[in-house]
Structures are given as C-alpha cells and as structure tokens.
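The listed protein sequences correspond, in order, to chains H and W.
The working numbering puts the first residue of the first sequence at 1, with every later residue one more than the last.
The working numbering puts the first residue of the second sequence at 1001, with every later residue one more than the last.
For each residue, glycine too, the CB sits at the ideal point set by N, CA and C.
There are 2 protein chains.
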Amino acid sequence: MLEQGIDVLIVSEPANLYYLTGYDAWSFYTPQYALVSQDWDRPLCVVRGQDVNGARLTSYLTDDFILGYSDHYIQNPAAHCMEFVARLLTERGKGSARVGYEGDSFFFSGRSLSQLQYHLPNATLVDADALVNWVRSVKSEAEIGYMRQAARLTELTMTKAIDRIKPGVRLADVAAEVYATSVAGLEEYAGEYAAIAPLIPAGVGTSCPHVMWRDEVYQQGDCSTLEISGVKARYHAPQSRTVFLGKPNPKAYDTVQIVLEGIEAVLNTAREGVYAHEVHAAWDAVISKHGIVKDSRCGYSIGIGYPPDWGERTISFRPIDNTLLTENVTMHFMPGVWFDDWGVAITESIRITKTGVECLCNTPRALFIID
Amino acid sequence: MLEQGIDVLIVSEPANLYYLTGYDAWSFYTPQYALVSQDWDRPLCVVRGQDVNGARLTSYLTDDFILGYSDHYIQNPAAHCMEFVARLLTERGKGSARVGYEGDSFFFSGRSLSQLQYHLPNATLVDADALVNWVRSVKSEAEIGYMRQAARLTELTMTKAIDRIKPGVRLADVAAEVYATSVAGLEEYAGEYAAIAPLIPAGVGTSCPHVMWRDEVYQQGDCSTLEISGVKARYHAPQSRTVFLGKPNPKAYDTVQIVLEGIEAVLNTAREGVYAHEVHAAWDAVISKHGIVKDSRCGYSIGIGYPPDWGERTISFRPIDNTLLTENVTMHFMPGVWFDDWGVAITESIRITKTGVECLCNTPRALFIID
Chain H
1 MLEQGIDVLI VSEPANLYYL TGYDAWSFYT PQYALVSQDW DRPLCVVRGQ
51 DVNGARLTSY LTDDFILGYS DHYIQNPAAH CMEFVARLLT ERGKGSARVG
101 YEGDSFFFSG RSLSQLQYHL PNATLVDADA LVNWVRSVKS EAEIGYMRQA
151 ARLTELTMTK AIDRIKPGVR LADVAAEVYA TSVAGLEEYA GEYAAIAPLI
201 PAGVGTSCPH VMWRDEVYQQ GDCSTLEISG VKARYHAPQS RTVFLGKPNP
251 KAYDTVQIVL EGIEAVLNTA REGVYAHEVH AAWDAVISKH GIVKDSRCGY
301 SIGIGYPPDW GERTISFRPI DNTLLTENVT MHFMPGVWFD DWGVAITESI
351 RITKTGVECL CNTPRALFII D
Chain W
1001 MLEQGIDVLI VSEPANLYYL TGYDAWSFYT PQYALVSQDW DRPLCVVRGQ
1051 DVNGARLTSY LTDDFILGYS DHYIQNPAAH CMEFVARLLT ERGKGSARVG
1101 YEGDSFFFSG RSLSQLQYHL PNATLVDADA LVNWVRSVKS EAEIGYMRQA
1151 ARLTELTMTK AIDRIKPGVR LADVAAEVYA TSVAGLEEYA GEYAAIAPLI
1201 PAGVGTSCPH VMWRDEVYQQ GDCSTLEISG VKARYHAPQS RTVFLGKPNP
1251 KAYDTVQIVL EGIEAVLNTA REGVYAHEVH AAWDAVISKH GIVKDSRCGY
1301 SIGIGYPPDW GERTISFRPI DNTLLTENVT MHFMPGVWFD DWGVAITESI
1351 RITKTGVECL CNTPRALFII D
C-alpha cells in the first residue's frame, strides 16, 4: 500500500478477507469488505447485518471493527453498498484519501466502481487489484501445514474416486464419492467444501477441462480425467489424474508418456531462483519436441480458495510471467492438454523449495488403466 | 433490450449464458460472455480457448457463433478480455452502438467496465444489470419440471441428513451426507452440484446463516439448521429445516411456533396478482405481533443457479419490492430469524399459481427434535 501510495484499501475477495481477518462464511454472494488503513489498528470488516454474528464467530476482530449494513443494500438497483462504504470512509476522515480497490475481483463489480466514484467524488481511486493476493503468494509454515493436511484428503479422495470408476457407473456416483470422502475427511480432521466442484469428465467431455457431469455413465474405452482438491482451513491442494477404461489406443498412450516426460522436466527445473517463465519453457520444450501444442498456462498459484476459483490470480507458469520463484511459493502445476475429442490431465500441487520442489500429494504419478 | 434502447448486450452471468445458449461448464472463473443483438441470428459465445470444446458440447450454438480467446487474457494485468470483446464488437459494426452490460454481476468487474470504456470509446455504455435475470423470473413448464425434479432430491437429502444428526457426530459428516445424496440422486436421474455449499451450522453457529462447518461435533442440546438444495439441469429447489438435539427450551419452542404461524400466513397470501411486499407484510404482521424483529428480506427469486448464489437477483419479499407476482414465479421463501446465540430457519421453495402457492418440496414443515 505504501509503495502504491494507497491510504485505504477496499478488500473484496473472500480469500483476502479471510487472510486479513479470519472471517470465513458463505456470505460472499452479498457485498462484504475489509477496509485496511495503516491509521487503524485492524481492518474494518463490513458485512450484511445478518452476517455480523458470523464475523464475530470466525474473525479475530472485536465488535467495534465489525460493521453491519442494512438489507436495504441487498440487490437493490436504487441503493448500492458502496454508498455505505463511502459514507464510512468519509466519517473516518478518508473522503479525500487515495483509495485502492480490487479492480478485477469477482466481488467488485462494475457498478461497485461507478458507485464508489459517485459517492467518493473527492477521493483518488487506485486500481490495486491482487495486491493482497500477491502478499498471499509466499506461504508461512502454518499455511504449508494446512496445505499438507489438504493434500492428505486429496490423495484419499483420488484413490477412492478412481476405485469407483467402471463401465456402467454414473459420473455422478464418482462425483458423490469425491464429495463424501473429501468432506468427511480423516479421523484427525474433517474436510471442507472446495472452491471448484469435482471436474470429472469422461469420453468426449475430456476434450475440455470444465464440462460437468449430468446423467452420463462411464463407457468401456472411455478416457476420463479427475481434477479435485482436499481442503483444510480453506487451503487447497488440487490434483488431476487420467484414467482409461480399458487399454488406451497407442496414440493416446504415447501422448500420456510425453506429458509425463514434460512433468518430470518441470519438477527437475522449478526451485527458488528460477523464473516462472523458465518453468513453462521446461514443459514446452518437451511437448514441442513431440509436436504437441498447448497454448494455455501450465500452472498457477494456489492456497486459500473460495468459489469460483482455487487459484490466487497471481503467478502463472507461462512465457510472459517474470516472477522469480522463492521458497514456499505454492503452485498447481497443471499441464492439461486438450484435443478435439479427448484430453489428458496429470497435475501436481507443488511447493517451491530452495533446491527444488515438494509435491504435496503422494498419489502415484501415472496413467491409471481400469480393466 | 428494445425498451432500454440497447443494440448489443454483453451477458456475463453464468446463469444467463446458460439460459440463452445452453453453455454449462465450471469455466466462469475466467471471462466468458454471450453477446446478444437483434441483428444476429444467435448469441455470440466468447470463451477461453480451452473452453471452446465445452461450448460446442453443451450449447445449441454452431461453431461460427463460438469464439475462443487467447490465454494471454487470463489474469494478465497488461491485457483484459474486454479488449477482445471490444474488437469483436467493432469488427461486427457495433463500435458506436448502445452497448449494455450487467453492471452488478460477479462476472463483470470494475476493470471490465473501465476496459470496456477504454476500448469502445465511441459506444454508449448502458448498465443493463439483471435484464436477462428478470426474463428468467417467470418459468416455463419445462423449467418447472426441472425444479420439481430438483425438489425430489432436496427432500431425499434433507431426510437423510437429519437422520445422521446426533450428539458426537461431526457436522462434516452431515455435510458429506448432503453432498453424497444430492449428487448421486435417484435411479431415474442424477443430481448436480449446488450453487451454495450445504449450510449446516449448529449451536451458536445458528446465530447467523452462513458460517461453515470445520471439525465441530453436534452436542446434546444444540439447535441446528440445514439449508440445502437438490439441483437438476442447474435448477434449484432450496429448503431449510431446524433440528434440536433434545427438547428445546420453552422460549425457543415458542419462537419456532411463531415462525410456523408466519409461514402459514405467507402460504395463504401469496398468489398471482399479489405484490411481493404484500407477502412480506403477511409474514411481518405475525412476527411483529409476537415481538420478533427480522429486518432482512424473507424470500428471493430462484431457478438456475451457479456459485456464488442460487438466487436470481430480482424479486425479493420485502417492503420496497413492488413486483406483481404472476403464475410460475418461483421463490425461495426464506423466513430465517437469527438471534444473538441461536437461530431458526424453516423455509420453502414455492411456485406462485393463479390461486395460491405450490410448495415444491413435501418435507414435513415442522420442528425436528432428535431424542
């Protein structure tokens, strides 16, 4: 904030609210903000009136830092919650301040911006998108601990989900297994809801990463991919595996071997002191050599996650990313490749160390074939 | 669009994309739009390159109406997808048109607005928030059919979840049951992921509607609420019930009776030709008489849902809502009441009919007491 000359930051992303205050609830479908200023001891947490008790229960804030607004501001074209925020900032002497906002957050809409401009005419508004996200990109030991706990749930869930796949079984049954196992968790601790629903396409559905199940059943000969994550204290450790129902055709088999070779190249390249684009280059060198083209990034920063995404919107493994990796950066290395009628996804959540990479999950890194 | 003088509408809400094109995938964490103009036969669907196959598989659009953009536009501070949209609109002769956008959508950020202004300097931009949402508010017979199918899943899930509650059981285990049952579905059809995770607080957690489970277990004497929804073809039928572990204290018991009386008043009031605020008034008259105050709305329009919300952001049961209810408006009548250290939620998904109300779910409307 000092570097960007920001006096007050309006934080709207649920993951950033949680990071800064501990507030954690499924209330992010209505406006909620942490207002941060170096002039204040703690962030001010602004939530819907009915969610004040939730902020009391989950955040470290005392009552005078939790402010509930009237339901009048809920989905009302005639009154936007930014009016409440602007009045609050003005009352606290910030009406002419330099006010930062998270410009590309899902939780700071176009109207939030125009209403903020309208109600704070003397302020200087600064798009400080992802500022807190970048702070989050390097994890503490405590955070790494949660991610390792999440990874235990990922491993267990992946194993049980793959065990359920066979011809004639509904995709929905495998989705149900993913939910049940990842949420019930272990004897030592339970799991939580993931920021992304289980992505478990089969057949032609594997030709893109994000199509959801309906009533389909697995068919003999199908390729199937599973992208899932365990969650602990909102920290994620996502992972994908690819499963064939029956022997894959030679071309598919060869493609998977190339992907596995590319993965090894990345795991041997990434470490503190390497640039994000160098990691991508290590991957791309392998697949290009074999004539495979992937024009999307092959990884993104992870940690705390809330719907609609478990990515942090900061570091990506791609040619244009000049971030220098440091210890305890955590990434979902996601070298999914999607073709016209099928695809392959074998991925790892990794922690960057001084000398290399820690794979958070210990699921066997291989093609799974169900006979 | 004609009424608002809009030539082209940029649709960003996943539920609206689905409604207009059939496109359905968990890809809404990156930019995606339906561009609608009366000059074009069909909407143009703009998605990330890797999601083009998903749009082919799930929408009714032919390939020439599906446009994939480069990964360069993903989470890149130097290049926003609105540049792509602006160029596309300019190429198709809409660079000086009246262009509508969904101003308060989660999927149209502040930066989306400022980038659209920057890249379409000759266009007239119009905030047309919730325009498609309002079209969605009255359901077709087919949509009602899906909601009834979703309601079957809600009933089954609620019954099985309540059966699992007893002292010493983890909240997470009940959450796992909710997921497993609602997703696995029935023999005739499977369920889907809900737009909101199971809301199943217990004890002091019931003092607000949105706090999530962690590792807690149910305790003898706890009050507990469950708000869940079955889903079919993305249509929801949410419902809440309240459960006591052991006999509630007399004050709590009396409060629940008042809530049930308020619910009956609403179900006897709502029908085609009644205003949304009259429904609220019927509820408020009962609780006010008994000295209970609820200053939040007691219902909202439902149908298609994507995270973070299964509400449609249109009609609310509240004093300021002057919407005249018509047949096949569908609402989640949600008279939750939250006190300092506990709360009660008994709710119904309802369809407005010419003569009254159809409750979509047949779960007994009562307080559940587990001995």
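Query - Option nearest residue 230 (chain H) by Cα separation, candidates H:83, H:181, H:218 - result: H:181
Requested in this report: Would you tell me roughly how many angstroms separate the C-alpha atoms of residue 1342 (chain W) and residue 1206 (chain W), rounded to the nearest one?
Outcome: 5 angstroms
Query raised in the report: From the beta carbon of residue 1298 (chain W), is the nearest beta carbon of chain H less than 8 angstroms away?
Result: Contact of residue 1298 (chain W) with chain H is not assigned, every C-beta pair being separated by 8 angstroms or more.
Report task. Flag this pair as touching only if the segment 243 to 253 of chain H and the segment 207 to 223 of chain H have three or more C-beta atom pairs under 8 angstroms; answer yes or no. Result -> yes
Query raised in the report: Of the residues that make up the segment 171 to 191 of chain H, which ones have a beta carbon closer than 7 angstroms to any beta carbon in chain W?
Result: Here the close residues are 172, 173, 175, 176, 179, 180, 183, 184, 185, 189, 190, 191.
Query raised in the report: First and last residue of the beta strand (DSSP E) that includes residue 1225 (chain W)?
Result: Per DSSP, residue 1225 (chain W) is one residue of the beta strand (DSSP E) stretching across 1223 to 1232.
Report task. Determine the contact status of residue 136 (chain H) and residue 19 (chain H), defining contact as a CB-CB distance below 8 angstroms. Result -> yes
Report task. Drop a sphere of 10 angstroms on the beta-carbon of residue 173 (chain H), count the other beta-carbons inside from all chains shown, and report buried for 16 or more, exposed for fewer. Result -> buried
Query raised in the report: With 8 angstroms set as the bound, which would you pick, yes or no: does the beta-carbon of residue 111 (chain H) sit closer than that to a beta-carbon of chain W?
Result: yes
Query raised in the report: Near residue 1082 (chain W), which residues of its chain fall below 7 angstroms by C-beta distance, leaving aside the five closest residues on each side in sequence?
Result: 1112, 1115, 1116, 1119
Report task. Compute the Euclidean distance between the alpha carbons of residue 316 (chain H) and residue 298 (chain H), then round it to the nearest angstrom. Result -> 7 angstroms
Report task. Step through the CB atoms of chain W and report whether any lies within less than 8 angstroms of the CB of residue 196 (chain H). Result -> yes
Requested in this report: Starting from the C-beta of residue 1306 (chain W), find all residues in its chain whose C-beta is less than 8 angstroms away, skip the five residues before and the five after it, and write them out in chain order.
Outcome: 1013, 1014, 1015, 1018, 1028, 1195, 1234
Report task. Check whether the segment 62 to 79 of chain H touches the segment 125 to 144 of chain H, taking contact to mean three or more Cβ pairs, one atom from each stretch, closer than 8 angstroms. Result -> no
Requested in this report: For residue 1120 (chain W), verify whether its CB is less than 7 angstroms away from any heavy atom of the ligand NAP.
Outcome: The ligand NAP is not part of the structure shown, which contains no ligands of any sort.
Requested in this report: From the DSSP output, in three-state form, read off residue 339 (chain H) for me.
Outcome: coil
Requested in this report: Spell out the partners DSSP gives residue 244 (chain H) in its beta bridges.
Outcome: H:223, H:369
Report task. May I ask which residues mark the beginning and end of the beta strand (DSSP E) holding residue 1034 (chain W)? Result -> 1033 to 1037
Query - Paired residues, beta bridge with residue 202 (chain H) - DSSP - result: H:224
Query raised in the report: In whole angstroms, what is the alpha-carbon distance linking residue 148 (chain H) and residue 192 (chain H)?
Result: 14 angstroms
Query raised in the report: To which residues of the same chain is residue 210 (chain H) closer than 7 angstroms at the C-beta, ignoring the five residues directly before and after it?
Result: 199
Query raised in the report: From H:218, H:325, H:90, pick the residue whose C-alpha is nearest to that of residue 269 (chain H); which is it?
Result: Residue 269 (chain H) has its Cα closest to that of H:325, out of H:218, H:325, H:90.
Requested in this report: Name the two residues that bound the continuous beta strand (DSSP E) containing residue 332 (chain H).
Outcome: 330 to 333
Query raised in the report: What three-state label does DSSP hand residue 1110 (chain W) in the structure shown?
Result: Assigned with DSSP and collapsed to three states, residue 1110 (chain W) falls in helix.
Requested in this report: Could you work out which residue in W:1041, W:1037, W:1077, W:1023 is closest to residue 1054 (chain W) when comparing CA atoms only?
Outcome: Taking the Cα of residue 1054 (chain W) as reference, the smallest distance to any Cα among W:1041, W:1037, W:1077, W:1023 is reached at W:1023.
Query raised in the report: Within 8 angstroms (strictly less), CB to CB, does residue 124 (chain H) reach chain W?
Result: no
Query raised in the report: Can you tell which of W:1329, W:1237, W:1030 has the C-alpha that lies nearest to the C-alpha of residue 1146 (chain W)?
Result: Nearest of W:1329, W:1237, W:1030 to residue 1146 (chain W), Cα basis: W:1237.
Query raised in the report: When the Cα atoms are used, what is the spatial distance from residue 1084 (chain W) to residue 1121 (chain W)?
Result: 14 angstroms
Requested in this report: Examine chain W for any beta-carbon lying closer than 8 angstroms to the beta-carbon of residue 53 (chain H), and answer yes or no.
Outcome: yes
Report task. Answer yes or no: do residue 320 (chain H) and residue 292 (chain H) have a C-beta to C-beta separation smaller than 8 angstroms? Result -> no
Query - From W:1310, W:1302, W:1296, W:1261, residue whose alpha carbon lies closest to that of residue 1287 (chain W) - result: W:1261
Report task. Using a Cβ cut-off of 8 angstroms (strictly closer), state whether residue 1210 (chain W) contacts chain H. Result -> yes
Query raised in the report: Of all Cβ atoms in chain H, is any one closer than 8 angstroms to the Cβ of residue 1288 (chain W)?
Result: no
Requested in this report: In the DSSP assignment, find the unbroken beta strand (DSSP E) run with residue 67 (chain H) in it and report its ends.
Outcome: Start and end: 66 to 69.
Query raised in the report: Could you give the residue range of the beta strand (DSSP E) that holds residue 187 (chain H)?
Result: No beta strand (DSSP E) holds residue 187 (chain H); DSSP gives it neither H nor E.
Query raised in the report: Would residue 232 (chain H) be called buried (16 or more neighbouring beta carbons within 10 Å of its own) or exposed?
Result: buried
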